Amino acid sequence: MVVKVNPTLKIWWRDIEKNRGLEANELLGGLTALISVEPDRYLIKALLKFWDTERLVFKFKDFELTPTIEEIGGFLGLPYKEQEMIVPHKPTPRSFLKICLFFAKWEKYRLNAFIVRLLGSLVFPMERGKIHTSLSYVVRMLARGGKTIVPMILAEIIRALTKCTRGKRYFEGCNFLLQLWAVEHFYQRANMVDIIRGSMGNKISNHASRMKYFVSPVGTEDWFVYLRERSATQIQWKYYWLKPRRAIIRGNELYFIELVGLNGVQPYAPLRVLRQFGQIQMIPLRSYMSHYGYDFGSEIPHVSTILRRWERVMTIDVQEHRPFCTPEYYVWLLEDAEHTDLSEEGISGFGDERERRWARNLLNNNYEITPEMKQQIVPNIGD
Numbered sequence: 001m002v003v004k005v006n007p008t009l010k011i012w013w014r015d016i017e018k019n020r021g022l023e024a025n026e027l028l029g030g031l032t033a034l035i036s037v038e039p040d041r042y043l044i045k046a047l048l049k050f051w052d053t054e055r056l057v058f059k060f061k062d063f064e065l066t067p068t069i070e071e072i073g074g075f076l077g078l079p080y081k082e083q084e085m086i087v088p089h090k091p092t093p094r095s096f097l098k099i100c101l102f103f104a105k106w107e108k109y110r111l112n113a114f115i116v117r118l119l120g121s122l123v124f125p126m127e128r129g130k131i132h133t134s135l136s137y138v139v140r141m142l143a144r145g146g147k148t149i150v151p152m153i154l155a156e157i158i159r160a161l162t163k164c165t166r167g168k169r170y171f172e173g174c175n176f177l178l179q180l181w182a183v184e185h186f187y188q189r190a191n192m193v194d195i196i197r198g199s200m201g202n203k204i205s206n207h208a209s210r211m212k213y214f215v216s217p218v219g220t221e222d223w224f225v226y227l228r229e230r231s232a233t234q235i236q237w238k239y240y241w242l243k244p245r246r247a248i249i250r251g252n253e254l255y256f257i258e259l260v261g262l263n264g265v266q267p268y269a270p271l272r273v274l275r276q277f278g279q280i281q282m283i284p285l286r287s288y289m290s291h292y293g294y295d296f297g298s299e300i301p302h303v304s305t306i307l308r309r310w311e312r313v314m315t316i317d318v319q320e321h322r323p324f325c326t327p328e329y330y331v332w333l334l335e336d337a338e339h340t341d342l343s344e345e346g347i348s349g350f351g352d353e354r355e356r357r358w359a360r361n362l363l364n365n366n367y368e369i370t371p372e373m374k375q376q377i378v379p380n381i382g383d
């Protein structure tokens with residue numbers, strides 16, 4: 001992962017900002033503000049211990065979280081709805097050098113070269129400071145318009161989490177964005193803090209203002225203990241500076257979404273984190289997502305199908321509700337920890353008296369039951 005921003009990148013940005021800063025921000029949104037972020041590698045290392053490589057979510061004490069397209073797009077201030085995903089192509093060595101090194105037309109390509117460097121250094125980093133050559137094509141597609149880089153950024157974050165949890169040494173996703181995303185969720189604050197300090201301007205730049213009173217753990221072990229002890233009632237489920245009306249939750253054919261990344265196709269499962277959209281969390285339908293994720297080789301199979309599915313994704317209203325979940329979901333989520341024998345498919349309902357007692361406790365304690373939740377509770381529960 002990136003542990004320090006290269007000083008030459010900062011100098012280069014100051015030069016670009018004077019002359020072509022508006023163009024750069026139009027293409028990159030808030031990404032240029034990552035140059036000023038102080039990375040916390042200890043938080044990322046602690047987060048890896050909670051990542052579920054099969055379900056593609058962070059599994060904490062009694063809840064699940066995952067970065068969403070809406071949250072990443074909100075940080076960046078970049079469009080993603082009704083925009084086509086970029087499918088990366090490796091350029092020839094000559095075309096890559098033309099963009100990055102040919103000085104005869106340097107002024108023409110200077111901005112593109114900077115964007116390639118920024119993306120390759122902070123957003124899609126590679127070990128030993130290498131730059132992915134496909135980024136030159138990605139930048140050209142961004143400049144043409146009508147395409148979005150947001151799904152690609154999210155895909156590489158999820159891919160890096162899975163790869164590193166399984167033993168890969170270097171985190172090739174944007175650990176800066178993952179860090180900001182996590183801190184904003186684990187610092188519970190008044191909604192007005194987000195509205196007053198985050199409703200205007202660059203959401204990455206004013207992140208520090210929103211987190212002004214957050215006392216951050218220090219070191220991997222402190223972060224691990226902090227994350228392990230958080231419960232569903234102790235986190236910030238929604239960013240109130242983020243105001244999308246609808247959220248993408250699934251494909252029209254699949255219960256998840258296939259994202260085209262820089263290095264491969266990555267499944268993404270927002271149906272498991274409905275509370276991040278102000279919706280009531282129910283037991284999610286189980287999908288075998290591993291069959292749909294793969295790294296790119298010399299060819300990119302099924303790309304036309306993936307792009308067609310992206311055009312037809314299903315959305316849901318983003319609500320202002322408190323973060324409710326159904327009692328069935330809560331019991332189902334604790335299945336592994338409590339060693340209960342619930343349905344493998346995740347069918348709603350309780351199978352034995354012990355589960356019914358858990359549900360009654362939920363009904364009588366911290367979880368308020370709405371009419372919508374009542375409809376999903378099997379008869380006599382809570383009587």
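The sequence shown begins at 1 in UniProt numbering and counts up by one.
Every residue gets a Cβ at the ideal spot worked out from N, C-alpha and C, and that includes glycine.
These numbers come from a predicted model, not from an experiment.
> Any idea which residues DSSP pairs residue 423 with across the strands?
Replying inline: What the structure shows of the chain is the stretch from 1 to 383, and residue 423 is not part of that stretch, so it cannot be assessed.
>> I'd like the ranges of any alpha helix (DSSP H) spanning at least 4 consecutive residues and lying wholly in the region 136 to 177.
In response: 150 to 165
> Between which two residues does the beta strand (DSSP E) containing D317 stretch?
Replying inline: Taking the first residue of the sequence shown as position 1, residue 317 is located at position 317. Run containing D317: M314 to D317, per the beta strand (DSSP E) assignment.
> Once you ignore the five residues that flank C164 on each side, which residues in its own chain have a CB closer than 7 Å to its CB?
Replying inline: Stepping through the sequence shown from its first residue, residue 164 is reached at position 164. Closer than 7 Å at Cβ, skipping near neighbours: L48 and F171.
>> So, at 6 Å on beta carbons, what are the nonlocal neighbours of R312 in its own chain, with the 5 sequence-adjacent residues on each side left out?
In response: For the purposes of this step, residue 312 is taken as residue 312 along the sequence shown, with counting starting at 1. Counting only Cβ-Cβ distances below 6 Å, and skipping sequence neighbours, we find N252.
> In chain order, what residues of the same chain lie with their CB nearer than 6 Å to the CB of A104, ignoring the 5 residues before and after it?
Replying inline: On the sequence shown, position 104 is the one that residue 104 refers to. The predicted model places A104 with a pLDDT of 46, which falls under 50 and marks its position as unreliable, so this point remains unresolved.
>> How far does the beta strand (DSSP E) with R41 in it extend, from its first residue to its last?
In response: Counting from one through the sequence shown, the residue named residue 41 turns up at place 41. From DSSP, R41 is part of no beta strand (DSSP E) but of the alpha helix (DSSP H) over R41 to L48.
>> Runs of 4 residues minimum, wholly inside the region 182 to 217: which ones carry the alpha helix (DSSP H) assignment?
In response: 191 to 198 and 207 to 210
>> Among the candidates G264, V318 and V37, whose CA atom is the shortest distance from the CA of Y294?
In response: In the sequence shown, the residue the question calls residue 294 occupies position 294. Nearest C-alpha to Y294: G264.
> Who are A113's beta bridge partners in DSSP?
Replying inline: Position 113 of the sequence shown, counted from the start, is the residue given in the question as residue 113. Answer by DSSP bridge pairing: none, since A113 is not bridged.
> Taking DSSP as the reference, what is the three-state secondary structure of E51?
Replying inline: If you number the sequence shown from 1, residue 51 lands on position 51. Rather than Glu, the amino acid found at residue 51 in this sequence is Trp. In the structure shown, W51 sits in a strand (DSSP, three-state: E or B).
> First and last residue of the beta strand (DSSP E) that includes F58?
Replying inline: Locating residue 58 in the sequence shown gives position 58, where the first residue counts as 1. Segment V57 to K59, the beta strand (DSSP E) holding F58.
> Skipping 5 residues on each side, what residues in its chain have a beta carbon closer than 6 Å to that of M289?
Replying inline: On the sequence shown, position 289 is the one that residue 289 refers to. F256 and P267, listed in sequence order.
>> Only counting the same chain, and skipping five residues up and downstream in sequence, which positions put a Cβ closer than 7 Å to that of R322?
In response: Start at 1 with the first residue of the sequence shown, and residue 322 comes out as number 322. So no residue of the chain qualifies.
>> Tell me which residue opens and which closes the alpha helix (DSSP H) that R14 is part of.
In response: Counting from one through the sequence shown, the residue named residue 14 turns up at place 14. Here the alpha helix (DSSP H) through R14 covers P7 to L28.
>> For R309, report the span of its alpha helix (DSSP H) as first-last.
In response: By 1-based counting over the sequence shown, the position of residue 309 is 309. Run containing R309: V303 to E311, per the alpha helix (DSSP H) assignment.
>> Applying the 10 Å Cβ sphere with the 16-neighbour rule, what's the burial state of F214?
In response: Here residue 214 refers to the residue found at position 214 of the sequence shown. Looking at its Cβ environment, which holds fewer than 16 other Cβ atoms inside 10 Å, F214 is exposed.
> Going by alpha carbons, who is nearest to R210 out of F63, E17 and R189?
Replying inline: Against the sequence shown, residue 210 aligns to sequence position 210. Checking every option, the nearest Cα to that of R210 belongs to R189.
> Using the C-alpha atoms, what's the distance from V123 back to R144?
Replying inline: Residue numbering aside, residue 144 sits at position 144 when the sequence shown is read from its first letter. Residue numbering aside, residue 123 sits at position 123 when the sequence shown is read from its first letter. Those two C-alpha atoms are separated by around 20 Å.
> Roughly how many whole angstroms lie between the Cα atoms of L135 and I115?
Replying inline: As a working mapping, residue 135 is identified with position 135 in the sequence shown. As a working mapping, residue 115 is identified with position 115 in the sequence shown. Distance between the alpha carbons of L135 and I115 is about 9 Å.
>> If contact is defined by three or more beta carbon pairs under 8 Å, each pair taking one atom from either stretch, is the region 47 to 65 in contact with the region 10 to 29?
In response: no
> Count the other CB atoms within 10 Å of the CB of K18; is the residue buried (16 or more) or exposed (fewer)?
Replying inline: Translated into the one-based positions of the sequence shown, residue 18 becomes position 18. Looking at its Cβ environment, which holds fewer than 16 other Cβ atoms inside 10 Å, K18 is exposed.
> Excluding the five sequence neighbours on either side, which residues of its own chain have a C-beta within less than 8 Å of the C-beta of V87, listed in chain order?
Replying inline: Here the question's residue 87 lines up with position 87 in the sequence shown. Here the set comprises V260, I300, V303 and L307.
> Which same chain residues, not among the five before or five after R14, have their C-beta less than 7 Å away from its C-beta?
Replying inline: Position 14 of the sequence shown, counting from 1, holds the residue named residue 14. Same-chain partners within the cutoff: there are none.
> Can you tell me where the beta strand (DSSP E) with R250 in it begins and where it stops?
Replying inline: Translated into positions along the sequence shown, residue 250 becomes position 250. Where R250 is concerned, the enclosing beta strand (DSSP E) stretches over R246 to R250.
>> What does the Cβ neighbour count give for S36, buried or exposed, with the cut at 16 atoms within 10 Å?
In response: Taking the first residue of the sequence shown as 1, we reach residue 36 at position 36. It is exposed - the Cβ of S36 has fewer than 16 other Cβ atoms within 10 Å.
> Around the C-beta of N191, are 16 or more other C-beta atoms found within 10 angstroms, so that it is buried, or is it exposed?
Replying inline: Within the sequence shown, numbered from 1, the residue matching residue 191 stands at position 191. Answer is exposed; the Cβ neighbour count stays below 16.
> CB-CB under 6 Å to F277, same chain, minus the five flanking residues each way: which ones, in chain order?
Replying inline: Position 277 of the sequence shown, counted from the first residue, corresponds to residue 277. Excluding positions up to five away in sequence, the list reads A247 and V318.
> Roughly how far, in whole angstroms, is the beta-carbon of F75 from the beta-carbon of L180, given that I think they are within contact range, below 8 Å?
Replying inline: As a working note, residue 75 is residue 75 in the sequence shown. As a working note, residue 180 is residue 180 in the sequence shown. At roughly 6 Å, the Cβ-Cβ gap stays under 8 Å, so F75 and L180 are in contact.
> What residue does the alpha helix (DSSP H) around T220 start on, and which one ends it?
Replying inline: Indexing the sequence shown from 1 puts residue 220 at position 220. Residues T220 to E229.
>> Taking the alpha helix (DSSP H) that L78 belongs to, which residues open and close that run?
In response: The residue you call residue 78 lines up with position 78 of the sequence shown. It is not in any alpha helix (DSSP H) - L78 carries neither H nor E in the DSSP assignment.
>> I need the straight-line Cα distance from M1 to G167, nearest angstrom please.
In response: Against the sequence shown, residue 1 aligns to sequence position 1. Against the sequence shown, residue 167 aligns to sequence position 167. Their backbone Cα atoms lie some 14 Å apart in a straight line.
> Out of I316, L333, L9 and T53, which has the shortest C-alpha to C-alpha gap to I157?
Replying inline: If you number the sequence shown from 1, residue 157 lands on position 157. Measuring from the Cα of I157, the nearest candidate turns out to be T53.
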